[in-house]
Every structure is written in C-alpha cells, then in structure tokens.
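This report concerns only the one structure given below.
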Amino acid sequence: MMPHNNPLQYLSAEGEPLTERGGRHELPDFVNDQSLLLQAYRWMNLTRAFDQKAVALQRTGIIGTYPSSLGQEAISVACGMALAQDDVFVPYYRDHGSLLVRGNLMEHLLLYWGGDERGSAYVAKAGSALDMPICVPIATQASHAVGIASALKIQQKRQAVLCTLGDGASSKGDFLEALNLAGSWHLPVVFVINNNQWAISVPRHIQSGAPTLAQKASAAAIPSMQVDGNDFIAMYEALTEGLHRARQRKGPMLIEAISYRLSDHTTADDASRYRGQEEVDKAWKNEPIKRLQNFIFQRGYWDKKAEGCLQDDCQTQLEKSVQAYKSIEAEQPEAMFDYMYQTWPAALDDQVVTCGEKYKRNYLAAQQHSSGFNKGA
Amino acid sequence: MMPHNNPLQYLSAEGEPLTERGGRHELPDFVNDQSLLLQAYRWMNLTRAFDQKAVALQRTGIIGTYPSSLGQEAISVACGMALAQDDVFVPYYRDHGSLLVRGNLMEHLLLYWGGDERGSAYVAKAGSALDMPICVPIATQASHAVGIASALKIQQKRQAVLCTLGDGASSKGDFLEALNLAGSWHLPVVFVINNNQWAISVPRHIQSGAPTLAQKASAAAIPSMQVDGNDFIAMYEALTEGLHRARQRKGPMLIEAISYRLSDHTTADDASRYRGQEEVDKAWKNEPIKRLQNFIFQRGYWDKKAEGCLQDDCQTQLEKSVQAYKSIEAEQPEAMFDYMYQTWPAALDDQVVTCGEKYKRNYLAAQQHSSGFNKGA
Amino acid sequence: MNNNLENPDCFKQVSLVEAINMALDYAMSQDESVVMLGEDIGKNGGVFRATDGLQEKFGQARVMDTPLAETSIAGAAVGMSVAGLKPIAEIQFMGFIYATLEHLICHAARMRNRTRGRLSCPMVIRAPFGGGIHAPEHHSESTEALFAHIPGLRVVIPSSPARAYGLLLAAIENPDPVIFLEPKRLYRSEVHDVNDNGQALPLDSCFTLREGEELTLISWGACIKECLAVVDQMNAESGNDKRIELIDLASIKPIDFATIAHSIKKTGRCVIVHEAAKTCGVGAEIAAYIAEHLMAYCKSPVKRITGFDTVMPYFRNEQHYLISELDIKAAIDESLSSDF
Amino acid sequence: MNNNLENPDCFKQVSLVEAINMALDYAMSQDESVVMLGEDIGKNGGVFRATDGLQEKFGQARVMDTPLAETSIAGAAVGMSVAGLKPIAEIQFMGFIYATLEHLICHAARMRNRTRGRLSCPMVIRAPFGGGIHAPEHHSESTEALFAHIPGLRVVIPSSPARAYGLLLAAIENPDPVIFLEPKRLYRSEVHDVNDNGQALPLDSCFTLREGEELTLISWGACIKECLAVVDQMNAESGNDKRIELIDLASIKPIDFATIAHSIKKTGRCVIVHEAAKTCGVGAEIAAYIAEHLMAYCKSPVKRITGFDTVMPYFRNEQHYLISELDIKAAIDESLSSDF
Ligand SMILES: Cc1ncc(C[n+]2csc(CCOP(=O)(O)OP(=O)(O)O)c2C)c(N)n1
Ligand SMILES: Cc1ncc(C[n+]2csc(CCOP(=O)(O)OP(=O)(O)O)c2C)c(N)n1
Ligand SMILES: [Mg+2]
Ligand SMILES: [Mg+2]
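In the order they appear, the protein sequences are chains A, B, C and D.
Straight run, no breaks: the first sequence in this note's numbering ends on number 377.
Straight run, no breaks: the second sequence in this note's numbering ends on number 377.
Straight run, no breaks: the third sequence in this note's numbering ends on number 340.
Straight run, no breaks: the fourth sequence in this note's numbering ends on number 340.
Structure follows, in structure tokens:
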C-alpha cells in the first residue's frame with residue numbers, strides 16, 4: 001500500500017505522465033488499452049453533461065434538490081468501471097457517474113431526484129441485482145456494505161463490495177464502526193472516501209485533526225491509500241487493485257480519493273457564503289476531464305472531431321432521457337402503501353380507503369378551484 | 001509517545017525493575033516517593049478487599065449484580081491518583097478503585113450496586129463536583145468526556161478530563177467519534193482503555209483486527225501509547241504525562257492499559273463457559289498487587305507487619321461501610337418523581353397520587369399476607 | 001422446507017427462553033440463510049442463554065459474535081438481509097437498542113418501499129425487555145412504543161413459551177423486519193409444553209387468553225402473568241368463568257383491532273395494562289382507537305394501568321413502579337363499578 | 001439578566017426562522033454560558049439560516065461547527081450541559097436525529113434523576129421537522145412521538161414567529177433538556193410582529209388560538225396553518241365567530257391536559273390533527289386521555305386526522321400524504337354532524 005500524504009498520481013494536472021510522484025514510476029499497462037480510456041473519457045463527459053442538465057432542470061422546477069458531481073467525475077466513473085458486474089455497489093448520493101456506468105438509465109436518475117421512489121426501483125443493466133439505492137443518511141451505507149460483504153462471505157461467493165462516502169461521512173460512527181467490523185471479519189469490501197474538501201460548509205480540517213483520511217483505516221488495521229481523485233488512471237488502478245484483493249479474499253481496503261467539489265453542495269446551497277472564489281478557481285485547474293482529455297490527445301487516442309461527436313452524442317442521449325423522464329406519470333396516491341409490507345396488515349385497510357377519499361376530495365377541489373390544493377402529480 | 005505493541009513497563013511480573021523494556025530505561029523519579037507508592041498500594045488493597053466483599057454481598061442478596069475489578073486495581077487506582085482534584089473523572093462501571101481514591105464512600109458505592117440511585121448523588125470528597133456517575137451504556141461516556149473537555153476549554157479553565165472505557169467499548173461509534181472530536185477540537189481529555197482482554201465472553205481479537213487498541217488514536221491523529229496495566233508505576237507515569245499535557249492545552253491522548261479480567265464479567269456471569277482456566281491461571285502471575293508489593297518490599301518501604309495492619313484496616317473500614325450501607329433506608333416510592341424535572345410538570349400530578357395509592361395498596365397487602373407482593377425496600 | 005408432515009408432534013417442557021432457543025434452532029436447521037449476530041451469542045450462548053449451543057451446532061459463520069457496536073449490528077443486519085440472508089440480531093438488552101434506531105427507522109423499515117419492492121429487509125431484531133429481575137440501570141426498559149410508531153416495522157411480544165416459539169418462527173419467516181421483544185421476567189418463570197414442530201403462529205393477531213363478557217383486559221409481555229392470575233381469580237371468585245376477557249396483544253404493531261373491537265362491543269369495558277411509561281405508550285393507541293370507534297359501546301371510561309412517566313427506579317424500589325396483581329384488580333373493580 | 005425592564009418593546013417584522021435567530025441572538029447576548037453546536041451552523045448560518053450571523057457575532061468558541069456526527073453532537077451537548085454550559089445543538093433535519101437517541105434517552109433525560117439532582121442537563125436540541133417543502137427523502141419526518149414517550153424530556157413545537165421566539169427562550173432557560181422542533185414548512189411562510197424583548201413564553205402550556213363552543217380542534221406545528229384557515233373560514237361562514245375552538249398544543253411533552261379538558265367539557269367534540277404517522281402518534285395520547293377522563297362529555301367520537309402509517313412519499317406525491325384544509329374541514333363537519 002502507498003504511504004500516506006503522498007497520493008497516488010500518474011498524470012499531472014495538465015495530463016502529462018509523472019514519473020517521480022506517488023512512488024510508482026511507470027504508467028500502468030492499462031493506459032495502452034485505448035478503448036478503456038476512451039470509455040472512461042466518454043462516461044466522464046456524459047456524467048458532466050448529465051450534471052449540467054440536472055442542475056438546469058432543478059432551476060426550472062422539473063426536478064428537486066440535486067447534488068452536483070462537478071469535478072468529481074474521475075472518482076465516480078472509475079468506481080463504476082472498476083466494479084465487475086456482480087460486485088455490489090453501495091453508493092452515496094453524489095455518485096451519478098458510477099450509477100451511469102453501472103447501466104442505470106438517466107431517466108431513472110432524474111426520477112429519483114424528481115421525487116419519485118421508482119428512481120430506485122430498477123436493476124442497473126451493468127450492475128448487480130444487489131446494487132443498493134442512493135443513501136441519504138450520511139455514512140449509514142457503510143454498515144450496509146459490511147453486511148452485504150459478510151453475506152457474500154457466508155454464502156462463499158467471490159464478489160467484492162464497493163462503498164462510497166464523503167469526507168464528512170468519515171467522521172460518523174457508522175463508518176468508523178464499519179471499518180472496524182470489516183477489519184475484524186476480514187470482509188471483501190473497499191471503501192472510497194470522496195474527499196472533496198467540503199461537507200456542505202464544513203471544511204475538511206474541521207472533520208478531523210488527522211492529516212489524511214486514509215489513516216482512519218489504521219484504527220482497524222486495514223490497508224489504505226490516498227489517491228489523486230482527479231486522476232482517472234490512478235483511481236482506476238487503485239480501485240482495481242482493491243477490488244481484486246477483496247475478491248481474492250485478501251480483506252478490506254480504504255481509498256481516500258482527493259478531489260474538490262467544484263459546485264455548490266446541492267442546488268439548495270450557496271457555497272459563496274462560506275468559501276472564496278480563488279479556492280474554487282484554483283481547484284478548476286485540477287479538474288479531471290481536461291486532464292484525461294490532454295492525455296488521450298497526446299496518446300493519439302482522440303481528436304477534435306471525436307470530441308465534437310461525443311458532445312453531440314451526450315446532448316442527444318440527454319434530450320431523449322429528459323423526454324422519457326417527463327413522460328413518466330406520477331404513481332397513484334395509494335402506491336405509498338403498496339411496498340410498506342409484503343404481507344398486508346389488516347390494520348391498514350382503513351387508511352387506504354381514507355387515502356383514496358382524500359385524493360378524490362382534494363383532487364376534485366383542485367379541478368374546481370385550481371387553488372387551495374397543492375398541485376404536483 | 002511510545003511505539004505500539006511494546007507497552008510501557010517498569011516492573012517485571014515479579015516486581016523487579018526492568019531496564020531494557022518499553023523504551024525507557026530509568027525508573028521515574030516518583031518511585032522515590034515512598035508515601036506515594038504506599039498510598040497506591042493501600043488503595044489497591046482496599047479496592048481488592050472491597051471487591052471481594054461486594055461479590056460476597058451479592059451472593060447473599062445484599063447488593064445486586066456487581067462487576068468485579070479483580071486484577072485491574074493498578075489501572076483504576078492510578079487513574080484516581082493521577083487526577084488532580086478539579087480534573088473531571090468520567091468513569092465506566094469497573095472503576096471502583098478510582099472512585100475510592102476520588103473519595104467516594106464505600107457505602108455509596110454499595111448503594112449504587114444495591115440498586116439505589118443515591119449511590120451517584122454524592123460529590124466525591126477528593127474529586128470534582130463534575131465527576132460523572134457510573135455509566136452503563138457502553139462507550140457513551142466518551143462523548144460526555146469530550147463535551148466536558150470542550151466546556152472547560154470554552155470556559156478557559158485549565159483542568160483535564162479523564163475518561164475510562166473497556167476494550168469492548170473501543171469498538172463502539174461513540175468512542176470512535178469522540179476520539180475524532182477530541183482531536184479535531186484539540187480537547188484536554190485523556191482516554192484510558194482498560195484492555196482486560198474480554199468484553200463479557202467476546203475476546204479481544206474479535207473486537208478489532210488491529211494489533212493494538214492504542215492505534216485507534218491514529219484515525220484522529222491523537223498521540224497514544226500502550227501501557228502495562230498491571231504495572232502501577234507505568235500507569236501512573238503515563239497518566240500523569242497525559243493529564244499534564246491536557247492541562248497544558250497540548251491536546252488529547254489515548255492510553256491502552258493492558259491487563260486481564262481475573263473475575264467473571266459480573267456476578268451474573270460464568271466465565272468458565274467461554275475461557276479456559278489455564279489462561280486465567282497464567283494471568284494471575286501478572287496481577288498488579290503482588291508486583292507492587294514485591295517492589296515496595298525490595299525498596300524497604302514495607303514489611304510484614306505493615307501488611308498485616310493494612311489488611312486489618314481494610315476489613316475494619318469495610319465492616320463499617322457495610323454497616324453504614326445497611327442502615328440506609330430505601331427512598332420513599334414517590335422519590336422516583338422528584339428528580340425527573342426541576343420545574344414540576346402539572347401533567348404528573350395525578351401520577352404521584354397514583355403512586356402513593358399504589359404503595360399503600362401493595363404495602364398493606366404485603367403487611368397482611370406477606371405474600372403476593374414483591375418485597376424489597 | 002417448513003413442512004408439517006416432516007415434523008410430527010414433539011412436545012417438550014420448556015421455559016420461555018428455552019422456547020426461543022428451540023425456535024432459533026429449528027429455523028437455523030431448516031433454512032441455511034438464517035444467521036445470527038450479536039454480542040456474546042456464540043460460546044456464551046447469550047447472557048440469558050437464548051442462543052445456547054447454537055454456535056457449536058451451526059458454526060461461527062452462522063452464529064456471529066460481533067464487536068461491541070449496536071449500530072453496526074443493525075446496519076450489518078440490513079446489509080445481510082438485502083443480500084439474501086435472514087439475519088436474527090440480538091441486542092443484549094432493550095436499553096441498548098437506541099443506537100440501532102437510525103438503521104431500523106431509516107433503512108430496515110424503508111428498504112422495500114424505497115426500492116418499490118426491488119430490495120427488502122427480512123430480518124429480526126431480538127431483545128429482552130422489561131423490569132422486575134433486579135438488574136442494574138438500563139436493563140429494565142420497555143420502549144416498544146418507539147418501534148410501534150414506525151411505519152414499516154412489525155413489533156411482536158410473546159408471553160408464554162408456546163407463543164414465544166410460534167411467534168419467533170413467524171417473525172423469522174416474515175419477509176419484513178420484525179422487532180421481537182422478549183419479556184425477560186418470564187424467561188424462566190414457568191415451564192410449559194411446547195410442540196417443537198416448526199409451526200409458526202399468525203402475526204398481526206392478538207390472542208384471547210380468557211373469554212369473558214363483562215370487561216376486556218388487554219395487556220402484553222410480562223404483565224400477562226399478573227393479568228392471568230387476576231382474571232382467573234376474579235372469574236373463579238365471582239362464580240362466572242366468563243366474567244373478564246383477557247387479550248394478549250402480542251402483535252404490538254400492527255395491532256389486531258378487529259379482535260379488540262369485537263371484545264369491547266361485547267363487554268363495554270376496557271382496562272389496558274402495560275409496564276412502559278404511560279405517555280404515548282402503546283396503550284394510548286388502543287385507548288385512542290376506542291375513543292374513535294367504540295365510544296358508543298363503552299359503559300365506563302377506558303383505564304390504563306401503566307408505568308409512570310419516570311425512569312424505572314433502580315431495583316431497590318422497582319416494585320413501586322411495576323404493576324402488581326392488586327393494581328390490576330383495583331382497576332378492574334373500578335371499571336366494573338363505574339357507569340356513565 | 002433576563003430583565004424585562006432593560007428590554008423595552010422592540011417589535012420586528014420577522015418570519016418564524018428569523019424569530020428563532022432572534023431568540024438565539026438574545027439568549028447568547030444575555031448569557032455567556034449559552035453555546036451552539038451543529039453541522040453548518042457557523043459561517044453558513046445553518047442550512048435554513050437559523051443561526052445566520054451568530055458565529056460572526058459570538059465567535060467560533062460559542063458557535064461551533066462540528067464534524068458530521070450526530071451521536072457526538074448530542075453526547076457532547078450532554079457533557080457540556082453537565083459542565084455548566086447551556087448548549088443548543090442543531091440537528092440539521094429531524095430525519096437525522098435518530099443517532100442522538102441513545103444520548104437523549106439514556107443520559108440527557110436521566111442525568112438529574114440518576115444523580116438525585118447533583119448533575120443535570122439543561123440543553124436544547126433544535127431540529128427542523130415535517131414535510132411539504134419538496135425536499136428529498138429523510139427531510140420530511142415528524143417523529144415527535146418518539147421523544148414524547150421518554151420520561152425526563154420536554155418536547156416543544158412552535159407554530160408562529162412569536163411563539164417560536166418565546167418558546168425557544170423558555171426552552172433555553174429551562175433547567176432540563178428540551179427537544180425543540182421547528183416546522184420548516186412555516187419557516188418563511190409568513191411574517192409577523194415579534195417583540196424582541198427577551199420574554200419567554202410558558203412551557204407545559206398549550207395556546208388557545210381561537211375560542212369556540214362547538215368543537216375543539218387540536219393541532220401543532222405546520223398543520224396549525226391549515227387549521228387556522230379552516231377555523232376562521234368556518235367560524236365566519238357560520239356567522240358564529242365562537243364556533244370552533246383551536247388549540248395549538250405547543251408543549252408536546254408534558255401535555256397541558258387541563259386546557260384540553262376545559263375545552264372539551266365545553267364543546268363535547270374533538271378533532272386532532274397531526275402530520276406524523278397515526279399509530280402511537282401524539283394524537284393517540286390526547287385521544288386516550290379523552291377516553292379515560294372525558295368520555296362522559298363527548299357528543300361524538302374523537303377523530304384523528306393524521307399522516308398515514310407509511311413512509312412520507314417522496315415529494316412528487318407528498319401532497320397525497322399531507323393534510324389539507326379540506327381534509328380538516330371534512331373531519332370537523334363529520335364530527336359536528338354525528339351524535340351518539
Ligand atoms: C446523518 C446525516 N446527517 C446530516 C445530513 C445532512 N447532510 C447532507 S450532505 C451533508 C454533508 C456531507 O458531506 P460529505 O460527507 O463530505 O459528502 P459530500 O456531500 O461533500 O459529497 C450533510 C451534513 C445527512 N444527510 N445525514
Ligand atoms: C451499549 C451497550 N451495549 C451492551 C451492553 C451490555 N454490556 C455490559 S458490559 C459489556 C462488555 C463490555 O466489555 P468491555 O468494554 O471490554 O469492558 P469490561 O466489562 O471488560 O471492563 C456489555 C456487552 C451495555 N452495557 N451497553
Ligand atoms: Mg465532502
Ligand atoms: Mg474488557
């Protein structure tokens with residue numbers, strides 16, 4: 001494992017291969033795999049395009065509060081790509097890139113952020129049936145990840161579990177206990193801290209006195225490393241290694257991916273209240289897409305024409321997805337009861353009736369006055 | 001700070017000074033302070049005598065379930081002695097020794113374990129008015145300790161906080177979060193893990209994959225050390241240093257005190273279900289009282305006669321305390337309401353009346369039939 | 001595999017805690033996906049011996065001693081259940097269950113709804129609860145109402161060895177999370193015949209332990225013991241063995257209001273007994289239901305005999321908090337003698 | 001120092017969240033021991049701006065951004081309060097409050113009792129609660145009943161800027177722990193005159209917002225908005241401005257049963273409205289009280305208009321869960337027109 005405070009990095013901010021940083025001298029072999037790098041580059045661009053679109057849709061009230069992943073596309077896409085299909089992904093709410101790579105449809109992501117439970121109802125095409133839904137209560141997913149990893153171990157399966165979280169989440173007991181359990185039970189799970197330097201308005205240094213978040217793993221004697229989270233090559237390498245170890249039953253691992261949240265926390269946030277623009281400007285110089293772009297241009301894998309096509313293609317896909325999203329009608333009111341219990345409790349019979357009556361009452365009133373009732377569906 | 005997996009130790013199991021262990025060659029100066037060592041020795045003996053008595057009292061139904069501190073007297077007494085009067089002590093339930101040194105009366109300790117809230121009502125004579133009561137929910141006291149430490153810091157006081165916990169407790173989120181907060185806020189708090197190798201029936205190695213519990217501190221970048229918890233001199237030295245640092249505003253520290261639970265977990269436990277007698281026999285060779293006794297004999301601080309007097313003295317004190325304990329009558333039933341709120345909620349008026357009626361009803365019945373009602377008070 | 005034909009009658013004389021052990025043993029024998037996790041459940045067999053012998057029988061992979069971390073016990077159980085296991089997590093005492101609440105409320109209770117049925121959390125959280133065994137602070141709580149308020153959870157409390165056996169099997173078979181609370185005061189208080197035939201009892205139903213015509217007494221958990229004694233005594237003394245009806249609620253969430261309504265329509269009087277604090281206890285929900293739906297049938301006010309809104313006193317004075325037979329009898333007498 | 005003479009009238013036009021800010025500002029100005037801790041409460045002023053400007057004014061030592069760890073926020077607040085501070089902890093949304101429960105139930109609520117008055121926990125936990133602002137999952141909960149069940153806690157919910165100001169000051173002054181829940185749907189819905197004079201309102205009391213003779217409507221939090229509209233409309237339409245009585249419960253624990261009893265004895269009819277799930281909600285306790293003490297006065301069954309026993313739907317469908325004016329009106333009509 002890598003020493004701390006010296007993140008694994010292969011490419012400079014300008015996309016030049018580094019030879020003397022991070023303790024590894026040679027670029028990993030997979031950089032010769034043109035299709036893999038182009039796949040990554042495409043996904044990162046689609047993620048960013050999706051992100052911009054989602055922010056715009058929020059501004060016009062088409063979806064609700066949305067957490068942008070601007071600047072963190074390398075982490076998210078590398079997670080998605082390093083996972084094997086039957087590995088289990090346990091995401092947090094800023095993982096749009098991984099979710100897309102896993103084969104989730106953009107219209108379903110929009111559905112989720114548009115306030116519709118069905119956004120979490122579909123199996124990711126390129127993912128596992130066990131891929132977990134987006135988790136809102138911070139760090140709780142880490143406990144689920146160790147539970148799933150423990151189940152896989154008990155079932156003698158050879159899959160790995162990948163769990164993501166934020167730098168803020170690394171302070172919460174759930175995560176710290178989960179690390180300990182993963183270590184104690186030697187579980188096949190990789191944790192990735194997306195250290196984007198901020199937890200809403202709380203800067204990284206308030207979260208912990210520890211100089212690195214990677215060192216949280218030493219409390220559980222789990223190997224860990226810091227990785228430049230804006231360097232797709234470093235992220236992919238570290239994740240591939242971690243997941244491979246896990247599948248080989250070599251135990252858990254923690255990766256601290258160092259990046260920066262270039263956006264507001266969510267569309268409901270105004271980051272200018274608590275951080276200066278210079279900091280953000282500086283961080284833009286490190287952003288991951290340009291870095292990989294420069295590299296694949298240098299390598300001759302990519303050119304301006306391909307770039308143009310890609311951007312067009314992203315827009316076309318997006319348009320289609322937004323249309324698809326908009327065409328999905330809201331569920332019936334009674335749907336709120338349908339999935340509470342698999343075996344129906346008679347005690348709820350009355351409430352379903354009340355729900356229907358209530359809908360009729362309020363809906364009819366809305367029809368008549370088109371006021372006095374909060375429209376929506 | 002000391003390296004890990006090499007606990008600070010000054011005396012061999014036989015009480016001989018070590019010169020080449022633990023990285024420190026010379027015995028600390030305070031070993032020349034005869035009265036300090038004798039004080040320690042006396043407290044350790046009183047603690048053990050109290051312990052034996054308490055177990056006996058439980059067996060005859062005079063008190064309830066009781067957690068013996070057999071074999072861990074050095075840790076507990078060193079904690080009590082290293083604390084300054086106005087430092088704040090935040091104990092867990094196995095700290096009889098520290099509580100005695102703090103000046104708590106044995107009858108009050110018995111009151112607590114005898115199922116009477118007033119056991120926690122008194123201010124320890126040699127302690128702070130803020131000394132916390134015994135804490136049953138594992139590890140929660142660690143959060144209180146950081147809260148108190150933070151208050152002291154805000155109030156610009158120069159006291160330290162000392163918080164104890166078990167090896168099992170070191171797995172719980174409360175403790176891990178508390179470490180992180182102590183590090184982030186640079187708080188004047190020392191944590192002592194009494195690593196007695198067992199958490200009821202769960203052995204140390206199940207608690208964590210980490211080879212030491214001291215290294216849990218690195219997650220929060222807090223200095224930490226392992227100490228031989230059966231070596232009073234090492235414990236006192238480490239605690240004095242830690243508390244001094246804290247009072248000097250040099251931040252928190254974690255001490256892992258390595259010892260062994262020679263007793264059952266509590267009087268309700270039967271340790272023979274889950275651990276072998278050889279292990280216990282071996283651990284007895286390391287017990288702390290004999291070790292210090294040998295040392296003070298060698299030094300000429302102590303002799304057989306003094307030993308005889310001490311044992312007699314302990315018994316005398318104990319007899320008196322047990323008598324005092326037995327003479328304390330139970331509270332009135334309505335006392336259960338008296339301290340729920342400082343400003344009385346009218347909503348409880350009826351319940352106090354009901355409580356009185358209920359008492360009369362059941363008490364009278366008990367008088368008449370002396371059956372059908374669970375006597376106690 | 002839970003096939004009755006394969007399980008001819010096999011009666012055993014067991015205590016409530018032994019019945020729990022028997023049900024766990026049965027479920028683990030029948031279904032490989034059933035696993036257990038908790039503190040001290042392995043070699044030690046649980047501090048009350050509910051899991052005695054099971055690790056030896058089923059191995060450490062299926063009977064897991066965990067680190068001391070309740071949050072993780074619940075959170076890991078969520079993950080395990082999503083991944084196809086049926087975890088049974090033991091929380092050593094109900095007083096230590098609060099660290100699990102975030103996982104139970106935010107995840108276990110919602111996973112099916114959140115994913116519109118794609119994933120679910122079939123899991124059981126077992127915990128001993130209630131006072132009366134002279135235990136230290138935090139070892140006597142009855143906070144079943146906290147769980148009863150949470151949509152998506154089931155809460156089940158047995159009050160006899162046979163109901164413990166059958167309801168625990170039902171909880172394990174249930175496809176959703178069940179909080180299974182064991183009245184520890186009854187763990188060893190009596191021994192009964194239980195048929196170890198793998199037969200689950202119905203969930204979502206209460207049990208009418210005594211039929212009666214003049215008053216409906218509703219309770220659950222350890223208080224059933226005193227209720228039974230009072231009802232049997234009063235029915236005998238009055239020469240009317242159908243005087244007081246005793247309902248063991250058993251399913252605390254959801255509540256079987258049909259049975260309750262049927263009974264109160266018949267008797268017109270209701271006394272509710274529970275050990276938990278009064279305010280917002282489960283008794284409130286039952287009384288509220290009566291106020292909404294059955295007032296017209298009531299001949300006297302509903303009475304709740306409950307714990308006080310205080311902390312359960314430490315054991316020296318706990319009997320002043322716990323409900324005695326005389327307390328129950330007094331309430332019944334009052335209800336029977338008052339009329340609107 | 002909270003001396004009225006020093007505080008001449010000082011009216012300000014403020015929203016509910018601004019009133020919270022004003023009360024915090026006042027309390028911190030008057031009493032050095034008042035401190036605040038929470039996530040994003042410093043520079044950011046809280047995600048709803050309840051603490052806006054306070055860190056700048058009172059410094060980082062008294063307005064503390066914490067690591068993201070709710071358990072520690074509550075646990076540290078317990079320690080701080082024991083040590084002589086008056087901590088006001090903000091939990092960002094009620095959906096994230098569950099990790100605090102162990103500390104609130106086992107410690108904050110018990111410290112005074114445990115130590116027979118030697119130590120105590122004067123602390124306030126503030127959290128925005130309730131739905132209706134189109135927020136994501138877990139940002140809409142109303143689980144006040146969980147806290148209301150716990151002996152030793154107080155639970156307070158304001159429903160107007162003035163009550164927010166006066167009740168928050170009262171909560172801060174109170175020598176015991178208070179859970180202060182802020183109806184976020186009302187945070188900015190209206191602006192009222194509030195006198196920034198440091199005057200606390202009484203705790204343990206409800207507020208009769210409208211007097212009436214024919215029916216008692218009881219609610220709290222955001223639902224008060226719809227209740228007020230309905231009552232004013234019905235009273236106006238009927239030409240009887242004393243028709244429906246509206247009680248804002250405000251003090252959820254302990255409950256001011258005296259005022260409720262007085263009202264129901266007068267009106268004989270009661271409708272209870274709350275957003276939280278029905279089963280074992282606080283409405284159940286009120287209805288149970290009626291069943292125990294006021295049945296003889298009731299002309300029609302008690303009615304509860306509450307959230308369903310489901311998870312609050314994500315915001316696209318949340319209006320099918322939330323209670324509308326029409327829902328309230330229908331319940332009142334039904335209660336008024338039914339008789340035993
Ligand atoms: C338990 C819990 N507490 C608080 C919140 C509110 N909240 C949402 S995101 C967030 C900050 C998370 O920061 P971080 O973990 O660094 O992830 P990031 O959003 O920066 O990716 C907070 C406090 C929550 N969702 N869950
Ligand atoms: C939160 C919580 N969970 C469980 C328990 C029950 N319990 C009491 S002591 C104990 C073991 C504690 O072990 P350790 O921390 O090593 O301390 P020791 O008793 O060995 O000194 C357990 C599980 C508890 N008191 N609190
Ligand atoms: Mg972050
Ligand atoms: Mg231990």
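Note that the Cβ used here is the ideal one computed from N, Cα and C, for glycine as well.
Just so it is clear, the structure is predicted and the values come from calculations on it, not from any experiment.
Asked, Found
"Contacts that C:A284 makes with chain D (C-beta to C-beta distance below 8 Å)", "C280, A284, E285, A287, A288"
"Pocket of ligand 3 (residues with CB nearer than 7 Å to any heavy atom), chain order", "A:G166, A:D167, A:G168, A:N194, A:N195, A:N196, A:Q197, A:W198, A:A199, A:R261"
"B:A49 vs A:S208 beta-carbon contact at 8 Å", "no"
"Residue of A:I138, A:A283, A:V189 minimising C-alpha distance to A:V146", "A:V189"
"Anticipated Cβ contact below 8 Å, A:F232 with A:P288, distance rounded", "6 Å"
"Alpha carbon of B:H205 to alpha carbon of A:Q159, nearest angstrom", "26 Å"
"DSSP beta-bridge partners of A:C355", "Bridge partners of A:C355: none, in fact."
"Entirely enclosed beta strand (DSSP E) segments - the segment 145 to 223 of chain B, minimum 3 residues", "161 to 166, 189 to 195"
"Touching by the beta-carbon criterion (3+ pairs, under 8 Å), the segment 216 to 226 of chain D and the segment 258 to 269 of chain D", "yes"
"Contacting positions in the segment 322 to 339 of chain B - beta carbon closer than 8 Å to chain C", "A330, E331, P333, A335, M336, F337"
"Environment of B:F373 [buried if 16+ CB atoms lie within 10 Å]", "With a pLDDT of 39 at B:F373, under the threshold of 50, the modelled position of this residue cannot be trusted; read the value that follows with caution. B:F373 is buried by the Cβ-count criterion."
"Distance cut-off 7 Å: B:R275 Cβ against heavy atoms of ligand 2", "no"
"Through-space distance from C:A50 to B:S272, alpha-carbon basis", "18 Å"
"Where C:L85 sits in the DSSP three-state scheme", "coil"
"Three-state secondary structure assigned by DSSP to C:I328", "helix"
"Check: B:H96 C-beta below 7 Å from any heavy atom of ligand 1", "no"
"Inter-residue Cα distance where the pair is A:K320 and A:M106", "9 Å"
"Inter-residue Cα distance where the pair is D:R243 and D:N235", "6 Å"
"Buried versus exposed, by CB contacts within 10 Å (16 or more), D:E182", "buried"
"Top-ranked residue by Cα proximity to C:R154, from C:S205, C:R114, C:M22", "C:S205"
"Boundaries (first-last residue) of the alpha helix (DSSP H) holding B:F232", "232 to 247"
"Partners in chain D for B:G147, counting only beta-carbon separations shorter than 8 Å", "G75, A76, A77, V78, G79, M80, S81, V82, A83, P87"
"A:C309, enclosing beta strand (DSSP E) - first and last residue", "Counting along the chain, A:C309 falls outside any beta strand (DSSP E), though it belongs to the alpha helix (DSSP H) covering 304 to 327."
"Within 8 Å, strictly: CB atoms of B:L70 and B:S259", "no"
"Beta-carbon proximity of C:Y187 to C:L24, cut-off 8 Å", "no"
"Residues in the segment 114 to 130 of chain A having any Cβ partner in chain D nearer than 7 Å", "G114, G115, D116, E117"
"Beta-carbon separation (whole angstroms), B:I222 vs B:P252, contact threshold 8 Å", "5 Å"
"Interface flag, B:D174 vs chain A, CB-CB below 8 Å", "yes"
"A:T343 to A:C355 span [Cα, whole Å]", "19 Å"
"Whole-number beta carbon distance between D:I305 and D:A287, since they are thought to touch under 8 Å", "In fact, because the Cβ distance is near 12 Å, the residues do not count as touching under 8 Å."
"Whole-angstrom distance between D:S324 and D:T318, CA atom to CA atom", "The residue you asked about is not Thr; residue 318 of chain D is Glu in the sequence shown. Rounded to the nearest angstrom, the two C-alpha atoms are 11 Å apart."
"Extent of the continuous alpha helix (DSSP H) to which B:G127 belongs", "Note, B:G127: premise wrong, no alpha helix (DSSP H); not H, not E."
"Residues near D:N195 in its chain [Cβ-Cβ closer than 6 Å; skip 5 each side]", "D9, F11"
"Rounded C-alpha distance that separates C:V35 from A:R102", "30 Å"
"Boundaries of the alpha helix (DSSP H) in which B:K53 is found, first to last residue", "34 to 59"
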